[in-house]
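S.K.: Please read through the structure below; I'll follow up with questions.
Chains as they are written, first to last, in UniProt numbering: chain A, 1 to 521; chain B, 1 to 522.
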């Protein structure tokens with residue numbers, strides 16, 4: 001692939017507008033293989049402005065007279081306007097951006113070229129292997145073992161190589177289970193709740209079919225789970241779809257297409273806010289986004305409650321077990337597990353329950369809310385997860401070690417990133433593309449000291465307890481709009497919070513000093 | 001406010017409530033407005049509520065005045081009233097016109113004309129700019145609140161039920177209308193330098209709301225704890241807002257009841273959400289004030305006017321809420337308050353695009369008894385506790401430093417085997433500083449005493465947090481006082497420095513304990 005074929009411009013003079021509050025930027029606009037660049041003149045004080053082309057969701061151009069305007073709507077919901085001198089230049093730049101931002105090849109994407117200073121390739125990729133999580137589980141119970149039955153991804157292409165399975169079930173039985181579950185996603189533990197000795201499992205739907213087929217090995221596996229748990233533990237199966245037959249509870253978690261449409265309507269409604277706040281709440285209601293937040297949190301609470309309060313083992317599945325299933329299991333862990341509420345623990349959770357668990361990021365996050373392309377596999381499930389996490393943080397402002405900054409960073413990077421973490425849709429694809437050896441991990445990027453203040457919650461106080469959120473409408477707030485364009489006063493407030501907390505830390509670290517000359521004691 | 005000055009004077013024209021029985025006896029009016037003009041104007045205004053000063057912006061001499069509607073009917077005019085408005089304009093040499101803001105919807109104002117009331121005719125008054133700002137009347141507001149409270153009381157509503165109900169109640173739309181009026185006036189005063197006369201019908205509901213919102217936007221003083229009390233005294237209590245009628249303090253006409261000041265208090269909360277660092281007080285302060293407007297526990301909000309209050313000798317026979325709030329002010333402080341920041345000094349600048357100023361549902365007020373719906377942890381309380389702890393640590397540090405210095409000096413004295421003469425003087429120096437540190441712990445316990453009063457309004461977990469804080473803080477001063485005393489003894493007996501070294505580690509261990517106490521309960 002030659003990028004140069006797609007770059008049809010040498011550059012042009014342009015003015016960049018980034019919103020009403022930010023002063024415009026003047027300079028020379030250029031397009032490279034992966035970026036849009038604006039370099040201010042030599043006298044200018046500001047730095048080079050850079051936009052990853054992959055983050056462009058939609059592009060709109062208008063020409064009038066001898067100049068043109070390009071409006072770029074980004075996947076992270078930023079809107080940028082470029083006023084460009086020259087009609088031809090405008091057309092060329094627009095065409096170049098259009099072509100380059102819609103490239104689908106993974107291995108020519110920017111993460112394969114990104115080589116930031118101070119980071120080494122391969123760092124942080126091994127922060128969160130399944131083996132490490134298994135070690136943690138193994139410390140709590142010996143009912144499980146680490147199986148390499150999926151070493152070549154033959155059993156389940158969307159699971160990682162190493163999977164944790166009941167000790168009592170051998171690899172042959174697993175192979176049978178895999179055949180009985182869609183996409184080979186047989187039940188695997190998602191979280192072991194040590195205090196009650198029970199476990200949260202996830203899988204895809206069973207292929208029962210109209211003949212009500214059964215699979216002895218699948219049933220054995222679930223029996224083995226129960227046997228390995230607290231004596232007398234009951235089992236729940238939580239189907240995230242509507243009226244599909246399952247033993248106990250159902251929930252109506254929305255999937256795929258409707259969720260994407262809800263997201264698009266939400267962003268539209270927020271865009272309309274720039275003109276008027278009339279009927280804002282009925283418009284907000286019409287897009288159902290907060291309804292999805294409420295449903296997701298309620299279902300997660302239900303699962304967590306079964307585990308913690310009833311001491312039951314819970315198997316969560318939807319259809320494929322790669323979307324709403326992960327939403328429920330990961331939120332339930334945040335509610336129950338204090339360690340997942342730390343910065344490191346949350347990164348581990350995202351890595352284990354979303355990336356390695358086979359959430360198809362490449363498909364789900366191909367486009368965001370502005371794209372005119374007909375949605376195929378897009379769905380903001382991960383964004384919904386981030387929103388729910390924010391709601392937890394809003395209701396428990398002292399309980400999460402990370403702040404809104406980390407959630408926003410994950411949103412941005414899931415849709416377009418210089419790092420390789422969110423590339424591809426499964427571990428198998430990541431192996432084929434050698435993502436782990438040829439790109440940098442987002443975690444090593446985020447965990448650099450200079451990023452910390454943005455990502456952390458200064459109010460964090462560790463607590464061993466579960467955090468049960470309210471899922472009533474009165475308690476849920478719209479997050480994304482206000483977070484993406486925070487008004488200045490809230491930045492001032494954030495500074496003040498940091499100041500109060502660091503003042504204390506400084507004082508705590510102080511030792512009495514005496515200025516008077518020290519006598520020899 | 002820098003008054004009286006060349007343009008404004010304190011007038012006693014309303015002495016013994018001779019002119020207007022719902023106004024205070026002392027009022028600021030333009031210097032050029034004679035008693036004749038005032039009385040003449042009052043006869044042309046509903047309930048004789050003539051234009052009087054509400055707020056004076058000393059940076060540019062612009063002012064906010066308030067009155068009731070003119071009795072203009074379809075064509076009536078009044079020379080004195082026209083002169084009165086002219087006097088207000090002249091009191092502001094920086095501008096050649098004044099705004100007259102009628103806070104009613106135009107339709108309502110026009111309907112009033114049939115009853116011989118109405119609004120100013122621009123042709124009759126020289127140099128006025130007339131403006132309607134449609135805030136609905138008390139009946140609309142009452143039923144709007146009723147609708148919203150019904151939504152709040154729904155048993156586990158769906159998201160749609162809630163959002164639709166909220167929208168249909170119109171409550172937040174009304175809040176926005178009041179705020180918009182306040183913003184308009186604040187801008188006219190601070191940016192255009194023009195004076196504004198505000199009225200509605202009788203000038204005691206919407207006018208009070210709008211004038212106080214504008215004052216709050218313009219003047220940082222009103223955003224402090226004390227200033228906010230002054231603001232309510234000024235625009236609400238003294239200017240005859242009918243507390244008895246509006247909040248049903250006595251058995252009265254249910255149609256007179258309306259959440260007028262509640263709406264103002266909510267406007268303040270909306271501003272606090274927008275400017276987290278601009279207010280010295282916190283949400284709890286607002287909620288407690290609102291509570292006591294209805295509680296009738298204090299005298300401030302009894303009666304409909306100053307005149308009634310005077311007749312009933314309210315001031316002598318009741319306690320004031322302000323004293324109570326001030327005594328417990330530690331409960332009401334906003335830890336994020338930054339009086340010095342460029343954003344919080346002077347006039348508050350609201351964002352231009354509406355999407356940056358979202359009117360939110362005030363969960364903390366309207367669902368305040370539903371603990372389960374509230375955030376489970378209080379950022380305000382946590383930050384206040386951290387601040388107090390920091391202060392305490394700093395004081396301990398200071399005390400330790402002094403002690404260390406003292407010990408070293410004693411050591412020095414010892415080694416040099418100096419005469420004892422210098423010691424008493426040194427000791428007296430120490431004891432004074434000892435006193436100063438002993439004062440602050442008293443302060444802590446004073447603060448702490450007020451904490452339990454906070455806990456009923458907070459969740460159980462919070463009260464647990466407060467209690468441990470309470471225990472630890474109240475025990476702390478004793479400890480530090482003891483150790484200080486001990487150190488005094490040590491100094492006198494000139495013990496070995498090991499005692500001195502021992503103390504800091506003890507202290508730090510104690511600190512760690514206190515941290516854990518907070519962590520565990522949080």
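Where is the CB? At the ideal position from N, CA and C, for every residue including glycine. Please read these numbers as outputs of a predicted model, since none were measured by experiment.
Among the residues of its own chain, which have a CB less than 7 Å from the CB of residue 122 (chain B), if the five just before and after it don't count?
M.R.: The residues are 128 and 130.
S.K.: Tell me which residues share the same chain as residue 412 (chain A) and place their Cβ nearer than 7 Å to its Cβ, disregarding the 5 neighbours each side in the sequence.
M.R.: Excluding positions up to five away in sequence, the list reads 76.
S.K.: Which residues bound the alpha helix (DSSP H) around residue 388 (chain A)?
M.R.: That run of the alpha helix (DSSP H) goes 381 to 395.
S.K.: Three or more C-beta pairs closer than 8 Å, one from the segment 218 to 231 of chain A and one from the segment 254 to 272 of chain A: is that the case here?
M.R.: Because the criterion of three Cβ pairs below 8 Å is not met, the segment 218 to 231 of chain A and the segment 254 to 272 of chain A do not touch.
S.K.: Would you say residue 489 (chain A) reaches chain B, if we count a Cβ-Cβ gap shorter than 9 Å as a contact?
M.R.: Yes, contact with chain B.
S.K.: Grouping DSSP H, G and I as helix and E and B as strand, with all else coil, what is residue 159 (chain A)?
M.R.: If DSSP states are grouped into helix, strand and coil, residue 159 (chain A) belongs with coil.
S.K.: May I have the straight-line CA-CA distance separating residue 417 (chain A) from residue 185 (chain A), to the nearest angstrom?
M.R.: Spanning the two alpha carbons is a distance of roughly 28 Å.
S.K.: Round the Cβ separation of residue 83 (chain B) and residue 37 (chain B) to the nearest angstrom and send it over; I've been treating them as touching at under 8 Å.
M.R.: Confirmed, Cβ separation roughly 5 Å.
S.K.: Taking C-beta to C-beta, are residue 139 (chain B) and residue 255 (chain B) nearer than 9 Å?
M.R.: Going by C-beta atoms, residue 139 (chain B) is nearer than 9 Å to residue 255 (chain B).
S.K.: Please list the residues of the segment 312 to 342 of chain B that have a C-beta atom closer than 7 Å to any C-beta atom in chain A, keeping them in chain order.
M.R.: Taking 7 Å as the Cβ-Cβ cut-off against chain A, the residues of the segment 312 to 342 of chain B that qualify are 335, 336, 338 and 341.
S.K.: How long is the line joining the alpha carbons of residue 391 (chain A) and residue 283 (chain A), rounded to whole angstroms?
M.R.: Distance between the alpha carbons of residue 391 (chain A) and residue 283 (chain A): 21 Å.
S.K.: With three or more beta-carbon pairs closer than 8 Å as the criterion, would you say the segment 293 to 304 of chain A touches the segment 152 to 166 of chain A?
M.R.: The segment 293 to 304 of chain A vs the segment 152 to 166 of chain A: no contact.
S.K.: So, for residue 147 (chain A): in the same chain, excluding its five sequence neighbours on each side, which residues have a beta-carbon less than 8 Å away from its beta-carbon?
M.R.: The answer, listed in chain order, is 162, 163, 164, 165, 171 and 174.
S.K.: In chain A, what lies closer than 8 Å to residue 164 (chain B) by C-beta?
M.R.: Chain A residues near residue 164 (chain B): 281, 282 and 285.
S.K.: Note down the Cα distance separating residue 223 (chain A) from residue 236 (chain A), rounded to an integer number of angstroms.
M.R.: Spanning the two alpha carbons is a distance of roughly 12 Å.
S.K.: For residue 233 (chain A) and residue 199 (chain A), I'd like the C-alpha separation in whole angstroms.
M.R.: Distance between the alpha carbons of residue 233 (chain A) and residue 199 (chain A): 10 Å.
S.K.: Under 9 Å between the Cβ atoms of residue 579 (chain A) and residue 267 (chain B)?
M.R.: A query on residue 579 (chain A) cannot be resolved here, the shown segment of chain A reaching from 1 to 521 and no further.
S.K.: Relative to the alpha-carbon of residue 210 (chain B), which residue among B:162, B:217 and B:181 has its alpha-carbon at the smallest distance?
M.R.: Taking only the C-alpha atoms, the option nearest residue 210 (chain B) is B:181.
S.K.: Using a cut-off of 9 Å between C-beta atoms, extract the partners of residue 396 (chain A) located in chain B.
M.R.: Here the neighbours are 375, 376 and 377.
S.K.: Name, please, each residue of chain A whose Cβ falls closer than 9 Å to the Cβ of residue 176 (chain B).
M.R.: Residues of chain A passing the Cβ test: 277.
S.K.: With 9 Å set as the bound, which would you pick, yes or no: does the beta-carbon of residue 243 (chain A) sit closer than that to a beta-carbon of chain B?
M.R.: Low confidence applies here, because residue 243 (chain A) scores a pLDDT of 47, under 50, leaving its location unreliable and the question unanswered by this model.
S.K.: Assuming residue 83 (chain A) contacts residue 14 (chain A) under a Cβ cut-off of 8 Å, what Cβ separation, rounded to an integer in Å, is found between them?
M.R.: Correct: roughly 6 Å between the Cβ atoms.
S.K.: What's the C-alpha gap between residue 403 (chain B) and residue 394 (chain A)?
M.R.: Straight-line Cα distance between these residues: approximately 45 Å.
S.K.: Using a Cβ-Cβ cut-off of less than 8 Å, give me the residues of the segment 267 to 290 of chain B that come near chain A, in sequence order.
M.R.: So the close ones are 274, 275, 276, 277 and 278.
S.K.: Which residues of chain A have a Cβ atom closer than 8 Å to the Cβ of residue 361 (chain B), listed in chain order?
M.R.: Neighbours of residue 361 (chain B) on chain A, chain order: 474.
S.K.: Tell me, please, whether the segment 379 to 386 of chain B touches the segment 327 to 346 of chain B by the rule of three or more beta-carbon pairs shorter than 8 Å.
M.R.: Flag = yes, the segment 379 to 386 of chain B and the segment 327 to 346 of chain B touch.
S.K.: Compare the Cα-Cα distances from residue 238 (chain B) to each of B:119, B:362 and B:300 and report the closest residue.
M.R.: The option with the nearest alpha carbon to residue 238 (chain B) is B:300.
S.K.: Show which residues of chain B have a CB atom less than 7 Å away from the CB atom of residue 500 (chain A).
M.R.: The contacting residues are 335, 383, 386 and 387.
S.K.: Among A:336, A:427 and A:459, which has the Cα closest to the Cα of residue 156 (chain A)?
M.R.: Selected option, being the one with the closest Cα: A:427.
S.K.: Residues of chain A with CB closer than 9 Å to the CB of residue 542 (chain B), please, in chain order.
M.R.: Outside the shown range of chain B, which is 1 to 522, sits residue 542 (chain B), and nothing can be said about it.
S.K.: Any beta-carbon of chain A closer than 9 Å to the one on residue 358 (chain B)?
M.R.: Yes - at least one Cβ of chain A is within 9 Å of the one on residue 358 (chain B).
S.K.: Looking only at its own chain, which residues have a Cβ that is under 7 Å from the Cβ of residue 63 (chain A), when we skip the five neighbours before and after it?
M.R.: So the list reads 87 and 90, once near-sequence residues are dropped.
S.K.: Figure out for me which residue from A:50, A:52 and A:94 has the closest Cα to the Cα of residue 71 (chain A).
M.R.: The shortest Cα separation from residue 71 (chain A) among A:50, A:52 and A:94 belongs to A:94.
S.K.: Looking at the structure shown, is residue 281 (chain A) part of a helix, part of a strand, or coil, going by DSSP?
M.R.: Helix at residue 281 (chain A).
S.K.: Can you check whether the C-beta of residue 41 (chain B) is within less than 9 Å of a C-beta belonging to chain A?
M.R.: Closer than 9 Å: no.
S.K.: Would residue 230 (chain B) and residue 221 (chain B) qualify as a contact pair, given that the criterion is a beta-carbon distance under 9 Å?
M.R.: In this structure, residue 221 (chain B) lies closer than 9 Å to residue 230 (chain B) by Cβ.
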